[in-house]
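Okay, so here's the structure we're looking at.
Residue numbers (the working numbering), protein chains in the order written: chain A, 1 to 505; chain B, 1 to 505.
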């Protein structure tokens with residue numbers, strides 16, 4: 001089979017989508033379109049593929065090659081308008097009967113299934129007027145060749161345009177939106193939307209900013225095991241694993257291991273990894289597997305040294321997102337409008353008793369040593385926003401009774417503890433505390449909580465050979481992404497979410 | 001109790017280790033030493049603690065506060081010599097009877113258990129001669145106050161000096177070394193050695209360099225689920241998890257998910273996370289849980305585009321380690337001497353058939369489509385090192401028969417495949433390939449391998465709506481650390497290793 005000039009790939013092609021007609025001998029453009037054979041690394045051509053986002057008026061009248069997906073296609077007489085998409089960017093492409101394209105070629109182009117990947121050669125032309133609905137509004141591509149690289153099946157499980165439509169609009173005019181289960185069942189398609197692309201690029205950024213900041217502060221990254229022999233934090237809500245002829249558990253947090261690293265003199269450590277909770281909670285913010293951003297740090301005299309480092313790390317993340325991910329933030333807000341995320345420097349720190357007082361003033365009845373319910377957390381978030389104009393704050397000095405056994409009691413008021421949560425838009429994203437580093441006190445507190453000492457022996461023994469005072473906390477990555485962007489379900493910020501009812505894909 | 005001037009903490013103290021004698025009324029230094037009460041964040045003193053590594057002759061004659069561990073202590077008449085340690089650094093401290101210290105205070109200091117954490121106030125003095133065995137050789141600390149912050153139990157399960165002794169020396173002179181099980185059973189102590197500190201700081205560096213390089217190359221970090229509903233890669237060697245009323249598996253690799261991200265248009269992705277293998281292999285290089293550094297990337301025409309990116313990423317890691325972790329490399333080589341790691345730019349790439357030819361020339365009998373055994377891998381590593389002077393190379397074009405079903409066959413010779421391994425010092429650290437992106441061919445290859453199509457339906461379906469050609473690979477973090485440093489067991493480079501026989505600590 002002859003290799004068309006300018007193609008440079010020399011791959012076999014056929015014209016399957018419309019083979020009878022287009023193969024006709026009178027088709028003067030028959031070498032200019034078709035279905036490429038599967039790319040199997042046959043050749044290393046020197047053809048350059050231009051990124052769609054780089055197609056601007058500066059490239060006007062240049063001939064370029066582009067690889068993209070058929071986002072939409074619309075045939076109209078002797079013309080076919082395609083929208084070619086590449087990640088968050090797209091451009092209009094025109095195949096029109098003329099010197100380069102025959103009527104068979106236009107028909108071929110019009111019949112390519114949506115989401116198929118194509119290689120297109122075309123001339124960049126300045127558009128007469130702004131092209132609405134495309135990111136590249138000032139140019140269009142006049143197609144001279146088009147080859148299918150990977151053909152999509154004809155029936156898509158969901159339409160990308162439906163998947164990015166704001167929910168409220170759907171209610172108003174009856175246009176289709178896509179429900180969450182359909183999205184998650186067909187996640188490969190759903191992740192192609194501009195909103196999903198933006199959410200997960202930004203989430204990648206959160207991880208980078210978290211680590212960049214901590215490395216700069218002298219922290220060391222650690223890797224902690226996920227298969228563990230004993231459920232260190234009590235034993236409830238833990239997944240069991242068959243381990244050869246025995247059994248083991250999935251770690252509910254890196255708690256024990258990051259503390260062991262402190263006892264092993266690493267001083268300041270962090271880790272990023274999966275955390276497993278066998279909790280049968282079917283809420284907007286619980287997952288059975290999520291990504292923990294964990295910090296643990298030895299301090300000199302006061303756990304506020306650690307609180308300040310953690311709060312500053314989050315502030316550096318917020319600032320970095322503002323600076324580096326403005327496009328992504330704007331893209332998501334088109335589908336999910338929300339107020340920009342506000343924070344103060346230094347971070348607002350309130351004591352638990354102050355929060356209780358604010359809630360009582362707002363009419364809530366609650367005891368001094370009672371934990372915050374989810375609705376009260378939300379309400380408190382609104383009260384704090386009104387009073388201090390911040391979406392991010394720290395709540396310090398929780399009642400000892402509502403915290404885990406390893407939490408250091410307050411030295412002044414024994415009903416309180418050296419523990420804290422951090423909140424974004426009224427929802428908890430971090431829980432942390434000074435930990436007890438004295439094996440004797442740790443034993444007493446475990447006994448007080450009715451914990452079987454035999455099961456946590458290894459944990460307690462870690463502190464017997466000199467342990468520095470230390471504190472830390474664990475951040476839920478998916479929650480940070482969700483709340484920063486003002487989204488409403490943590491499943492939107494987990495690529496492949498796991499909950500009690502969902503294990504696939 | 002009166003607060004000693006300069007202490008500033010106001011903590012209760014007693015003199016437990018030697019209370020009768022030191023509490024005597026005639027002890028003029030009795031406020032200058034003791035056991036501090038547990039640091040419970042009582043106060044925020046403005047005392048500055050100086051890092052031991054910063055104690056140099058520039059600080060001569062300054063009074064400083066230091067927090068460190070008692071590494072060794074040796075009493076000699078009216079003097080006690082302590083070595084104070086902080087991570088990889090240590091300094092000699094002298095407590096001598098005189099203006100600031102009584103004989104009770106010297107005795108107290110001498111009796112503090114090794115590995116206890118102490119706060120010391122002292123004057124930095126220029127040493128008369130180099131102090132052997134300390135990192136701070138030119139100064140010593142003349143102690144004026146000493147308080148125990150966290151007391152270690154008297155009997156250590158292993159001695160740190162034994163744990164850093166080179167093995168060969170132990171054989172020669174009969175001095176003690178520490179065996180691997182004792183180390184791992186008491187990992188918190190073993191991780192305090194200068195060798196362990198250096199290994200894991202360098203390993204943290206490998207992760208940073210891996211991600212820095214890929215982010216610069218335009219990759220996006222993804223998070224893939226570890227609990228999966230179907231064993232995508234066949235079903236052998238997989239751990240089973242109880243999942244509420246059903247069961248699930250632990251992911252043997254992020255393979256399916258990183259490929260799904262490619263099908264979802266993320267184009268270039270990486271992830272760092274745990275990988276689980278229920279393989280009953282008790283070797284120096286197998287773990288049941290290890291950290292995978294995974295890459296997947298869409299390419300334009302040839303999978304070598306991806307091979308080049310991966311190889312360059314590893315080269316950037318090697319260079320970064322050389323530049324930023326020279327101290328750590330030197331520290332490890334004191335205990336485990338080895339040749340510096342050598343690599344070429346661009347990376348050497350050999351074809352599998354060339355390797356077979358080299359092995360045959362060296363006397364090995366093997367078939368063309370036979371996989372490399374571990375001894376042959378090692379031998380090949382030596383042959384390549386002799387011929388090309390590199391510890392790092394790529395072996396390309398493996399026989400199709402020895403690779404997983406999703407490997408793209410070679411377009412020219414159907415017995416070969418578009419797949420590759422990468423080696424460091426003769427051991428495999430990465431396995432990768434161009435993947436089949438065509439659902440029809442993928443189905444055929446799975447059937448050829450006798451795989452139940454029903455079990456991998458979700459996997460195959462991912463490619464039905466347009467999939468770009470792509471390739472990738474997975475790197476074992478612990479192996480990279482081990483082989484870069486010329487160590488001999490992967491358990492040395494896993495903080496808390498998991499193998500068929502070890503699940504603790």
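Heads up, the beta-carbon is just placed ideally off N, CA and C, and yes, glycines get one too.
Source: prediction; values computed, not measured.
Check: Residue-chain proximity (residue 316(A), chain B), Cβ-Cβ < 8 Å; Outcome: no
Check: Collapsed DSSP secondary structure at residue 253(A) in the structure displayed; Outcome: coil
Check: Spatially closest choice to residue 329(B) from 453(B), 183(B), 481(B), by CA coordinates; Outcome: 481(B)
Check: Unbroken stretches of the beta strand (DSSP E), 3 residues or longer, contained in the region 66-116 of chain A; Outcome: 79-86, 89-96
Check: Proximity test, Cβ basis, 8 Å: residue 273(B) and chain A; Outcome: yes
Check: Endpoints, beta strand (DSSP E) assigned at residue 150(B); Outcome: 139-150
Check: Chain A contact residues for residue 418(B), given Cβ-Cβ distances below 8 Å; Outcome: 40, 41
Check: Proximal chain A residues relative to residue 45(B), where beta-carbon distance stays under 9 Å; Outcome: 300, 301, 302
Check: Neighbourhood of residue 274(A) by C-beta, 8 Å cutoff - its chain only, sequence neighbours within 5 removed; Outcome: 226, 289, 290, 291, 292
Check: Test: residue 69(A) CB closer than 8 Å to a CB of chain B; Outcome: yes
Check: CB-CB length for residue 390(A) against residue 344(A), believed under 8 Å; Outcome: 5 Å
Check: contact_flag[the region 236-249 of chain B, the region 451-461 of chain B] where n(CB pairs < 8 Å) is 3 or more; Outcome: no
Check: Secondary structure of residue 481(B), DSSP reduced to three states; Outcome: helix
Check: Neighbour flag for residue 500(B) against chain A, beta carbons, 8 Å; Outcome: yes
Check: Opening and closing residue of the beta strand (DSSP E) in which residue 393(B) lies; Outcome: 392-396
Check: Beta-carbon spacing of residue 72(B), residue 114(B) below 8 Å; Outcome: yes
Check: Element boundaries [alpha helix (DSSP H), containing residue 470(B)]; Outcome: Where residue 470(B) is concerned, there is no enclosing alpha helix (DSSP H), although the beta strand (DSSP E) it sits in stretches over 470-476.
Check: Closest by C-alpha distance to residue 318(A), when choosing among 75(A), 44(A), 49(A), 484(A); Outcome: 484(A)
Check: Residue burial classification, residue 464(A) (beta-carbon count within 10 angstroms, cutoff 16); Outcome: buried
Check: CB contact below 8 Å: residue 239(B) versus chain A; Outcome: yes
Check: CB contact check: residue 213(A) to chain B, cutoff 8 Å; Outcome: no
Check: Straight-line gap, residue 276(A) to residue 338(A) (C-alpha atoms, nearest Å); Outcome: 30 Å
Check: Residue 179(A), DSSP secondary structure in three states; Outcome: coil
Check: Beta-carbon spacing of residue 397(A), residue 351(A) below 8 Å; Outcome: yes
Check: According to DSSP, residues forming a beta bridge with residue 300(A); Outcome: Partner(s): none; residue 300(A) has no beta bridge.
Check: Contact list for residue 279(B) against chain A, beta-carbon separation under 8 Å; Outcome: None at all; the shortest Cβ gap to chain A is about 10 Å.
Check: Test: residue 265(B) CB closer than 8 Å to a CB of chain A; Outcome: yes
Check: Whether residue 295(A) touches residue 473(A) by CB criterion (8 Å); Outcome: yes
Check: Residue 139(A) versus residue 123(A) - alpha carbon distance; Outcome: 10 Å
Check: Assigned secondary structure, residue 499(A) (DSSP; H/G/I helix, E/B strand, else coil); Outcome: strand
Check: Supposed contact pair residue 27(B) and residue 104(B) - C-beta distance, whole angstroms, cut 8 Å; Outcome: 5 Å
Check: Cα-Cα separation between residue 98(A) and residue 327(A), rounded to whole angstroms; Outcome: 38 Å
Check: Within chain A, the residues that residue 83(B) reaches when beta carbons sit closer than 7 Å; Outcome: Within chain A, no residue comes near residue 83(B); the closest Cβ sits about 14 Å away, beyond 7 Å.
Check: Partners in chain B for residue 229(A), counting only beta-carbon separations shorter than 8 Å; Outcome: 503, 504
Check: Rounded C-alpha distance that separates residue 493(A) from residue 200(A); Outcome: 7 Å
Check: Assigned exposure category for residue 448(B) - 16 Cβ within 10 Å defines buried; Outcome: exposed
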